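In the working numbering, each residue's number is its place in the sequence shown (first place is 1) plus 1190. Where is the CB? At the ideal position from N, CA and C, for every residue including glycine. Values in this document were obtained by computation on a predicted structure and should not be read as measured data.
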Amino acid sequence: MSSTSGRDSQLVVVGSANLDIVVPVRHIPRPGETFVGDDHFRAAGGKGSNQAVACARSGGQHRVRWLHGGR
């Protein structure tokens, strides 16, 4: 591994991975207001996931470690 080339290095990402469930709404509910959304979608998220994606998009070699459940 060269100390002058970041392309030869590996990055280990330790961070959170989440599954976001997003429900689009027509407006932000007012305090105490309740309504049912018509649709939803799921998206990957979490700081660790986002950092790993950014590394992969930049061409970096990486490994990802997550703790499933627990604290």
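**Proximity winner among V1215, N1240, G1249, relative to V1226 (alpha-carbon distances)** = V1215
**Prompt:** What are the boundary residues of the alpha helix (DSSP H) that includes V1204?
**Reply:** Note, V1204: premise wrong, no alpha helix (DSSP H); beta strand (DSSP E) at 1200–1204.
**Prompt:** Taking buried to mean at least 16 other C-beta atoms within 10 Å of its own C-beta, is A1242 buried or exposed?
**Reply:** buried
**Item:** Reference N1208, options L1201, P1221, K1237, A1244, closest by Cα
**Value:** K1237
**DSSP-derived helix/strand/coil call for R1253** = strand
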